[in-house]
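Chains as they are written, first to last, in numbering that gives the first Met the number 0: chain A, 0 to 154; chain B, 0 to 154.
Idealized CB from N, CA, C, for every residue including glycine.
Everything numeric in this text was worked out from a predicted model, so none of it was measured.
First comes the structure, then the notes that go with it.
Number of protein chains: 2
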Amino acid sequence: MPLFVGRYVNRIDKKGRVSVPKPFRDAFEGQSFNGLYVYPLFKFNAFEACGEEFMNRLSDSLDDLPMFSDEQDDLSVILESAHRLPFDPEGRVVLPAEMLKTAAITSQVLFVGRGQRFQIWEPKTYDANRGRAVERARARGATLRLRKSNGHEDS
Amino acid sequence: MPLFVGRYVNRIDKKGRVSVPKPFRDAFEGQSFNGLYVYPLFKFNAFEACGEEFMNRLSDSLDDLPMFSDEQDDLSVILESAHRLPFDPEGRVVLPAEMLKTAAITSQVLFVGRGQRFQIWEPKTYDANRGRAVERARARGATLRLRKSNGHEDS
DNA sequence: TAGTATCCCATTGACGCCCATAGGTACCCA
DNA sequence: TGGGTACCTATGGGCGTCAATGGGATACTA
Numbered sequence: 000m001p002l003f004v005g006r007y008v009n010r011i012d013k014k015g016r017v018s019v020p021k022p023f024r025d026a027f028e029g030q031s032f033n034g035l036y037v038y039p040l041f042k043f044n045a046f047e048a049c050g051e052e053f054m055n056r057l058s059d060s061l062d063d064l065p066m067f068s069d070e071q072d073d074l075s076v077i078l079e080s081a082h083r084l085p086f087d088p089e090g091r092v093v094l095p096a097e098m099l100k101t102a103a104i105t106s107q108v109l110f111v112g113r114g115q116r117f118q119i120w121e122p123k124t125y126d127a128n129r130g131r132a133v134e135r136a137r138a139r140g141a142t143l144r145l146r147k148s149n150g151h152e153d154s
Numbered sequence: 000m001p002l003f004v005g006r007y008v009n010r011i012d013k014k015g016r017v018s019v020p021k022p023f024r025d026a027f028e029g030q031s032f033n034g035l036y037v038y039p040l041f042k043f044n045a046f047e048a049c050g051e052e053f054m055n056r057l058s059d060s061l062d063d064l065p066m067f068s069d070e071q072d073d074l075s076v077i078l079e080s081a082h083r084l085p086f087d088p089e090g091r092v093v094l095p096a097e098m099l100k101t102a103a104i105t106s107q108v109l110f111v112g113r114g115q116r117f118q119i120w121e122p123k124t125y126d127a128n129r130g131r132a133v134e135r136a137r138a139r140g141a142t143l144r145l146r147k148s149n150g151h152e153d154s
């Protein structure tokens, strides 16, 4: 499965539709459901999107927690605030009004690849936060520890 | 089988009928019984709904508990207080009067997706509780340990 | 026979589908 | 290698269909 990489800015029309960048759309091929899932990043006023597989993993993980536990309730917030957005024949999705509001999206949408998932931002908001992230990384002399590769197979 | 995801608010009419959101209804397709099961959440004045499959799982889990134990008795209450609600031709269900009363539902019903099942709330009641859950999750720095998929492990 | 529970029909408003266009890119061919 | 052409992605708009809702008719039951 292709990874989500790179940044793309697309226009949003008055119906609330945005084209999902073609390279990102391709990563969803082979799903039983032709579309994506989005949920809020509580840390920022932005959203994250993923495919069916990841969402199922999330749901299964929640089921592993004891039923009726506080833990389960707290973490379910992601599922509760998620949206299932189908692609239209042109590969666009309709972003829910409530989403546009929290992210302060008006005319443009920024898609940010993050490997297994990607994020959805209002371009200016992203720039502001990204600037900070870069500074933090610099200040900290950021290093990245890679997982050792195990011959890589795919299931 | 599609997941229950997201929140939907629907109106309840004077006959006590509510439309179950179409995306949720779709998840019940292929069941021998065209409808859903509901049972009270003892922790809150709200209800949870699921399909046949999950109900069977629940019943099996009860059987795994020691016979005649307090635990078994307690959890059996779920099955005892459960209702089986059939869909009408338009995809609506009639919520039992007793349910409306405990949940303080009058004119609007909130459906909250939770993966394998979903919850039924009076909108305002939910808002009050959800606010707390989000804060708890944030405060705890809630991170979700995902079940491993294809050789992936979170760290 | 009154009350209740289904079913059927009608309305409306949102959403999905189809068509059309533009701009850019990749490809082909001379 | 330059130009031209065909394709494809992003975008806009019109229209039909379907989901949500309300009301009336009918069957069932106590």
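7 Å Cβ cut-off: residues of chain B touching Asp63 of chain A: Along the first sequence, read from residue 1 onward, the residue named residue 63 of chain A stands at position 64. At a beta-carbon threshold of 7 Å, the residues of chain B lying near Asp63 of chain A are Arg146, ordered along the chain.
For Leu35 of chain B, the first and last residue of its enclosing beta strand (DSSP E): Mapped onto the second sequence, residue 35 of chain B falls at position 36. For Leu35 of chain B, the enclosing beta strand (DSSP E) stretches over residues Gly34 to Leu40.
Among A:Tyr7, A:Trp120, A:Ala136 and A:His82, the one whose alpha carbon lies nearest that of Ala155 of chain A: Any answer about residue 155 of chain A is impossible in this case: the structure gives chain A only from 0 up to 154.
Proximity test, Cβ basis, 7 Å: Arg83 of chain A and chain B: In the first sequence, the residue the question calls residue 83 of chain A occupies position 84. It does; some Cβ of chain B falls within 7 Å.
Candidates A:Leu84, A:Phe117, A:Lys100 and A:Thr101: closest to Gly34 of chain A by CA position: Your numbering for residue 34 of chain A matches position 35 in the first sequence. The option with the nearest alpha carbon to Gly34 of chain A is A:Leu84.
Host beta strand (DSSP E) of Asn47 of chain A (start-end): Residue numbering aside, residue 47 of chain A sits at position 48 when the first sequence is read from its first letter. Here the sequence assigns Glu to residue 47 of chain A, which means Asn is not the residue at that position. Element bounds for Glu47 of chain A: Ala45 to Cys49.
Option in A:Phe27, A:Phe43 and A:Gly50 with minimal Cα separation from Tyr36 of chain A: Indexing the first sequence from 1 puts residue 36 of chain A at position 37. Of A:Phe27, A:Phe43 and A:Gly50, the residue nearest in Cα terms is A:Gly50.
Residues bridged to Phe23 of chain A [DSSP beta-bridge criterion]: Along the first sequence, one-based indexing puts residue 23 of chain A at 24. DSSP, once it has assigned bridges, lists no residue as partnering Phe23 of chain A.
Rounded C-alpha distance that separates Val19 of chain A from Ser31 of chain A: Numbered from 1 along the first sequence, position 20 holds the residue referred to as residue 19 of chain A. Numbered from 1 along the first sequence, position 32 holds the residue referred to as residue 31 of chain A. Distance between the alpha carbons of Val19 of chain A and Ser31 of chain A is about 18 Å.
From B:Ala96, B:Ala127, B:Ala138 and B:Gln115, residue whose alpha carbon lies closest to that of Phe23 of chain B: Here residue 23 of chain B corresponds to residue number 24 of the second sequence, with the count starting at 1. Of the residues B:Ala96, B:Ala127, B:Ala138 and B:Gln115, the one whose Cα lies closest to the Cα of Phe23 of chain B is B:Gln115.
Distance between Ala96 of chain A and Lys15 of chain A (C-alpha atoms, nearest Å): The residue given as residue 15 of chain A occupies position 16 in the first sequence. The residue given as residue 96 of chain A occupies position 97 in the first sequence. Per the sequence shown, the amino acid found at residue 15 of chain A is Gly instead of Lys. The alpha-carbon atoms of Gly15 of chain A and Ala96 of chain A are separated by roughly 8 Å.
Min CB distance Val76 of chain A to chain B below 7 Å: Counting from 1 along the first sequence, the entry for residue 76 of chain A is found at position 77. Yes, its Cβ sits closer than 7 Å to a Cβ of chain B.
Validate contact between the stretch 53 to 73 of chain A and the stretch 3 to 11 of chain A using beta carbons, cut 8 Å, 3 pairs: Note that the stretch 53 to 73 of chain A does not touch the stretch 3 to 11 of chain A; fewer than 3 beta-carbon pairs, one per stretch, sit closer than 8 Å.
Contact list for Gly112 of chain B against chain A, beta-carbon separation under 7 Å: Within the second sequence, numbered from 1, the residue matching residue 112 of chain B stands at position 113. Scanning chain A for C-beta atoms nearer than 7 Å to the C-beta of Gly112 of chain B yields Leu78 and Glu79, reported in chain order.
Three-state class that DSSP yields for Ile77 of chain A in the structure shown: The residue given as residue 77 of chain A occupies position 78 in the first sequence. Ile77 of chain A falls in the helix class under three-state DSSP.
Ser148 of chain A (DSSP reduced to helix, strand or coil): In the first sequence, the residue the question calls residue 148 of chain A occupies position 149. Under the three-state reduction of DSSP output, Ser148 of chain A falls in the coil class, being neither helix nor strand.
Leu2 of chain B, buried or exposed, once every other Cβ within 10 Å from all chains shown has been counted against 16: Looking up residue 2 of chain B in the second sequence gives position 3. Label assigned to Leu2 of chain B: buried.
Cβ neighbours of Glu70 of chain A in the same chain (closer than 8 Å, five flanking residues each side left out): The sequence position of residue 70 of chain A within the first sequence is 71, counting from 1. Closer than 8 Å at Cβ, skipping near neighbours: Leu64.
Phe41 of chain A: contacting residues in chain B (beta-carbon distance under 8 Å): Mapped onto the first sequence, residue 41 of chain A falls at position 42. Neighbours of Phe41 of chain A in chain B, taken as residues whose beta carbon is under 8 Å from its own, are Val133, Ala136 and Arg137 in chain order.
Reference Arg91 of chain B, options B:Phe110, B:Ile77, B:Lys100 and B:Val76, closest by Cα: Within the second sequence, the letter at position 92 stands for residue 91 of chain B. Answer by Cα proximity: B:Phe110.
Leu2 of chain B at chain A interface by Cβ criterion, 7 Å: Translated into the one-based positions of the second sequence, residue 2 of chain B becomes position 3. For Leu2 of chain B, the answer is yes, since a Cβ of chain A falls inside 7 Å of its Cβ.
The alpha helix (DSSP H) enclosing Val92 of chain B, as first and last residue numbers: Counting from one through the second sequence, the residue named residue 92 of chain B turns up at place 93. It is not in any alpha helix (DSSP H) - Val92 of chain B instead sits in the beta strand (DSSP E) that spans Arg91 to Val93.
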